[in-house]
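Asks: The structure follows.
Chains as they are written, first to last, in the working numbering: chain C, 252 to 758; chain U, 22 to 355.
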């Protein structure tokens, strides 16, 4: 990849995004600096913290690795073999993204109340998060020029050797991106771990707020999460390497032939069926169960329509703002590699490792001190979503940008277009599917966001997630279930569009 | 430039939404950590009687208290209603509450409101042991909270250390018996117990026989019973001995913020909450809390309030919860 000096407009836009993402971390720093050193030691060096650290790291590493394996295997099955019903499988395999984690763990705990601890948490989180690897891996598997793998075969590599030496390196960027997102998500995860009785740093942070009303010690523990996120962010950069992914050279890709499964078809079908059954079937069955069983389930009131509209509007706004903020950062990171652009890109990921309540309260502090007119406004709420979900947009855009050779834009410029117009007329149209995927991911994550929304929304604004929370917090599971069902249905739409786009880009 | 266009349109739309959202200066803003179904009945009835509209911000009491602490005197909150005193106390200690008139306080027994008149008690609930009669005989039921730390309870008990309803028990035991007893009790509890994330999970675990007994507030039992059906509810309630820390009666209170834009209306709402009509709503509501003001009694099939025998500690003694948090941390439970 060429390394040119970044245009100053791009750099400025990137810096703005990074500054926005770092607001919560700055406010954590401000809180922590009041704590006496003795208290810092007491809070961080107690034996419980060692347990939390072990739990958190163990789960994050195991779940990211396992999700990567599951995600790649599923993507391979769907993209490279002739397994029947490919389109339906693609849909079903992406849909778990549409199920909020508090709904899926609620489902598991309703049916299998004894499920808890490390293995329970690993099981539930892998089932919830593997699509973060599956989706980009499937896109890349589809986009790879078959000539690369064929060349490998023609030079004497067997199928496995071809996979390891040619396909895997090409999958590195999307899989690392997906695994990174999963790792950061899990650092911040609260609802699922609380229900599965698996204490991590995030659950401890909630407890500090809950019973000590103690912003300072919660901030201190949050900084541990920041440190852990830096560890993962650096690790991912090191593992990513400096490879080039854009196809250069002349000619067009030809269509790939799929591996005929033959007698192995039932095995593949059983595998995919089990995966979707567990990741989708159980949470959805729990919703149906509570709609029927819960005695509080009257028909949802008029508030369902209002909450649905609000959710749609907020999610759309969040998707557009987040993608707009992410695009310059991704362009910087891929096309103008360097220390500055690297730091800008990495800094936007850190907030993702913080629980929603931490981001929410930090933004409360920020707007009370510096921008009171923004407090409890829709604008601040949408900005909060953007801070939370920038990393999702980034990983979705970064792959497609890497696969585009900047040559086209160079040609456009040589024909007399200015830099911005050249970008808009050449690169942007080719990025459409990547931007769409990014917007879709942000949209469906916003639909299901809860803790940040509760803190930042304007008073009186209710989303589907806040209504679901209100009812479950008061044990009215029957009344809560319809809100969850609509949430899943809405979030399923972008999940479907993600697949459609994937379908249009390849074969 | 399609994207830029839609972005501009969106920002405009968002601005419009924000403008609509904030255009409500005649409404009273209430931060509520209370049971929603009951709150919505109360606010609707209040508006019907007085014409004063109410905007409710719902969240957990702790998130709301943490938000008010950050908002300080800029807080949009005018009335703050919680489930437990510590969330009020922590705001009270920052001097953010307005004093409540004696006429309002007089409706509720003095022991259920803040002695400095910063907040007033509205409803109450009792700590209880929920147990599974298939797993425990009547003779095995404990008299005292501290009994649960004994070896005979190993693996049988559940509680929720991170739940805001648990810390008042720790504080009550501390006031009655001192920190050493608390430390050894928590140590025993850690050894004997399974930890849950909340009272609901405990009721359900007891009901299906996963644990023999668990510490909860009484109303979680009744609300769960309503949701899953009486026929499927095997679990029963057991009350601790009179005067024991385990028999603690905890109150939900409300306060008006000093910075309220509508101080008169805020006080009027507090006065309404302890009035007969409001207490009648609490008495019949599905939240199963005890009404405590204006002489109203619960209409539900729960143990009569007069039969509860709580320990002799003042409601102010429940503090802001920090001491309890520290004790839970030292015990390795948090």
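Heads up, the beta-carbon is just placed ideally off N, CA and C, and yes, glycines get one too. Note that the coordinates shown come from a computational prediction; the quantities given were computed from them, not determined experimentally.
Please list the terminal residues of the continuous beta strand (DSSP E) segment that includes residue 179/U.
Replies: Taking the second chain and counting its residues from 1, the one referred to as residue 179/U is at position 158. Its beta strand (DSSP E) spans residues 178–180.
Asks: For the structure I just gave you, are there three or more beta carbon pairs, one from the stretch 164–180 of chain U and one from the stretch 203–218 of chain U, closer than 8 Å?
Replies: yes
Asks: What's the C-alpha gap between residue 270/C and residue 263/C?
Replies: Walking along the first chain from the start, residue 270/C turns up at place 19. Walking along the first chain from the start, residue 263/C turns up at place 12. Distance between the alpha carbons of residue 270/C and residue 263/C: 10 Å.
Asks: Taking only beta-carbon positions, decide if residue 452/C is within less than 7 Å of chain U.
Replies: By one-based count along the first chain, residue 452/C stands at place 201. Chain U, which has no Cβ nearer than 7 Å to the Cβ of residue 452/C, makes this no.
Asks: DSSP three-state label for residue 332/C, please.
Replies: In the first chain, residue 332/C corresponds to position 81, counting from 1. In the structure shown, residue 332/C sits in a strand (DSSP, three-state: E or B).
Asks: Looking at the C-beta of residue 92/U, does it have a partner C-beta in chain C at a distance below 7 Å?
Replies: Taking the second chain and counting its residues from 1, the one referred to as residue 92/U is at position 71. Yes, its Cβ sits closer than 7 Å to a Cβ of chain C.
Asks: For residue 749/C, I'd like the list of residues in its chain whose CB is within less than 7 Å of its CB, leaving aside the five on either flank, ordered along the chain.
Replies: Stepping through the first chain from its first residue, residue 749/C is reached at position 498. Once the five neighbours on either side are set aside, the close Cβ partners of residue 749/C are 345, 386, 688 and 691.
Asks: Can you list the alpha helix (DSSP H) stretches of 4 or more residues lying completely in the stretch 511–587 of chain C, in chain order?
Replies: 516–527, 533–544 and 554–586
Asks: Against chain U, with Cβ distances strictly below 7 Å, would residue 615/C count as a contact?
Replies: Locating residue 615/C in the first chain gives position 364, counting from the first residue. Chain U, which has a Cβ nearer than 7 Å to the Cβ of residue 615/C, makes this yes.
Asks: Compare the C-beta of residue 244/U against all C-beta atoms of chain C and say whether one is closer than 7 Å.
Replies: Within the second chain, numbered from 1, the residue matching residue 244/U stands at position 223. Yes, contact with chain C.
Asks: I want to verify the contact list: residues of chain A whose CB lies under 8 Å from the CB of residue 619/C, in sequence order.
Replies: This model lacks chain A altogether, as its protein chains are C and U.
Asks: Bridge partners of residue 234/U, per DSSP?
Replies: Start at 1 with the first residue of the second chain, and residue 234/U comes out as number 213. 152/U and 178/U, per the DSSP bridge assignment.
Asks: For chain C, find out if any of its Cβ atoms is closer than 7 Å to the Cβ of residue 336/U; answer yes or no.
Replies: The count along the second chain starts at 1 and reaches residue 336/U at position 315. No, residue 336/U does not count as interfacial toward chain C.
Asks: DSSP puts residue 259/U in a beta bridge; with which residues?
Replies: Position 238 of the second chain, counting from 1, holds the residue named residue 259/U. Residue 259/U is bridged to 150/U.
Asks: Look at the Cβ atom of residue 375/C, then the Cβ atom of residue 735/C, and state whether they are nearer than 7 Å.
Replies: On the first chain, position 124 is the one that residue 375/C refers to. On the first chain, position 484 is the one that residue 735/C refers to. Against a cut-off of 7 Å, the Cβ pair of residue 735/C and residue 375/C comes out as no contact.
Asks: Do you know how far the Cα of residue 427/C is from the Cα of residue 671/C?
Replies: Working through the first chain from its first residue, we reach residue 671/C at position 420. Working through the first chain from its first residue, we reach residue 427/C at position 176. For residue 671/C and residue 427/C, the distance between alpha carbons rounds to 31 Å.
Asks: Pull up the CB-CB distance for residue 255/U and residue 154/U, whole angstroms please, since I reckon it's below 8 Å.
Replies: Residue numbering aside, residue 255/U sits at position 234 when the second chain is read from its first letter. Residue numbering aside, residue 154/U sits at position 133 when the second chain is read from its first letter. That belief holds up - the Cβ atoms of residue 255/U and residue 154/U are roughly 7 Å apart, short of 8 Å.
Asks: Of all the beta strand (DSSP E) runs that stay within the bounds of the stretch 707–737 of chain C, which reach a length of 3 or more residues?
Replies: none
Asks: Can you list the residues of chain C that residue 217/U reaches, using a CB-CB cut of under 7 Å?
Replies: To locate residue 217/U, count along the second chain from 1; it is residue 196. Neighbours of residue 217/U on chain C, chain order: 448.
Asks: For residue 685/C, which residues of its own chain have a beta-carbon under 8 Å away from its beta-carbon, when the five flanking residues on both sides are left out?
Replies: Your numbering for residue 685/C matches position 434 in the first chain. Once the five neighbours on either side are set aside, the close Cβ partners of residue 685/C are 647, 648, 650, 651 and 652.
Asks: Exposed or buried, what is residue 284/C when buried is set at 16 or more other beta-carbons lying within 10 Å of its beta-carbon?
Replies: Looking up residue 284/C in the first chain gives position 33. Residue 284/C should be labelled exposed.
Asks: Give me the subset of the stretch 44–62 of chain U whose CB atoms are less than 8 Å from a CB atom of chain C, sorted by chain position.
Replies: Listed by position along the chain: 45, 50, 56, 57 and 58.
Asks: Considering only residues of the stretch 365–437 of chain C, which uninterrupted alpha helix (DSSP H) runs meet the minimum length of 4 residues and lie entirely inside it, listed in chain order?
Replies: Contiguous alpha helix (DSSP H) elements confined to the stretch 365–437 of chain C occur at 368–380, 382–394, 397–405 and 410–413, taking only those with 4 or more residues.
Asks: Is residue 101/U helix, strand or coil when you go by DSSP?
Replies: Residue mapping note: residue 101/U aligns to position 80 of the second chain, counting from 1. Here residue 101/U sits in strand by DSSP.
Asks: Along chain U, in chain order, which residues have C-beta atoms closer than 8 Å to that of residue 369/C?
Replies: Position 118 of the first chain holds residue 369/C. What residue 369/C touches in chain U: nothing, since even the nearest Cβ is about 14 Å away.
Asks: Excluding the 5 residues preceding and the 5 following residue 473/C in the sequence, name in chain order all residues of the same chain whose CB lies nearer than 7 Å to its CB.
Replies: For the purposes of this step, residue 473/C is identified with residue 222 of the first chain, where counting begins at 1. Short of 7 Å from the beta carbon of residue 473/C, and not among the five residues preceding or following it, lie these beta carbons of its own chain, in chain order: 279, 456, 605 and 609.
Asks: Looking only at its own chain, which residues have a Cβ that is under 7 Å from the Cβ of residue 273/C, when we skip the five neighbours before and after it?
Replies: Here residue 273/C is taken as the residue at index 22 of the first chain, counted from 1. Counting only Cβ-Cβ distances below 7 Å, and skipping sequence neighbours, we find 598.
Asks: Kindly indicate if chain U contains any beta-carbon less than 7 Å away from that of residue 463/C.
Replies: One-based indexing of the first chain puts residue 463/C at position 212. Yes, residue 463/C lies at the interface with chain U (some Cβ there is under 7 Å from its Cβ).
Asks: If you run the structure through DSSP and keep just helix, strand and coil, what is residue 657/C?
Replies: Within the first chain, residue 657/C is the residue found at index 406, counting from 1. Coil at residue 657/C, not helix or strand.
Asks: Find the nearest neighbour of residue 293/C within the set 468/C, 656/C and 261/C, judged by alpha-carbon distance.
Replies: Numbered from 1 along the first chain, position 42 holds the residue referred to as residue 293/C. The option with the nearest alpha carbon to residue 293/C is 468/C.
Asks: With distances taken between CB atoms, is the gap from residue 52/U to residue 118/U smaller than 7 Å?
Replies: To locate residue 52/U, count along the second chain from 1; it is residue 31. To locate residue 118/U, count along the second chain from 1; it is residue 97. Taking 7 Å as the Cβ cut-off, residue 52/U and residue 118/U do not qualify as a contacting pair.
Asks: Relative to the C-alpha of residue 636/C, which residue among 287/C, 662/C, 577/C and 476/C is closest?
Replies: Indexing the first chain from 1 puts residue 636/C at position 385. The shortest Cα separation from residue 636/C among 287/C, 662/C, 577/C and 476/C belongs to 577/C.
Asks: Using a Cβ-Cβ distance cut-off of 7 Å, determine whether residue 42/U contacts chain C.
Replies: Residue numbering aside, residue 42/U sits at position 21 when the second chain is read from its first letter. Note that residue 42/U scores 45 on pLDDT, short of 50, meaning its location in the model is unreliable and no value can be drawn from it.
Asks: Rounded to the nearest angstrom, what separates residue 281/C and residue 287/C at their Cα positions?
Replies: As a working note, residue 281/C is residue 30 in the first chain. As a working note, residue 287/C is residue 36 in the first chain. The alpha-carbon atoms of residue 281/C and residue 287/C are separated by roughly 13 Å.
Asks: Give me, in chain order, the residues of the same chain whose beta-carbon lies closer than 7 Å to that of residue 282/U; leave out the 5 immediate sequence neighbours on both sides.
Replies: Position 261 of the second chain, counted from the start, is the residue given in the question as residue 282/U. Around residue 282/U: 99.
Asks: Given a cut-off of 7 Å, decide if residue 697/C and residue 569/C are closer than it, judged by their beta-carbon atoms.
Replies: The residue you call residue 569/C lines up with position 318 of the first chain. The residue you call residue 697/C lines up with position 446 of the first chain. Yes; because the gap between Cβ atoms is below 7 Å, this pair is in contact.
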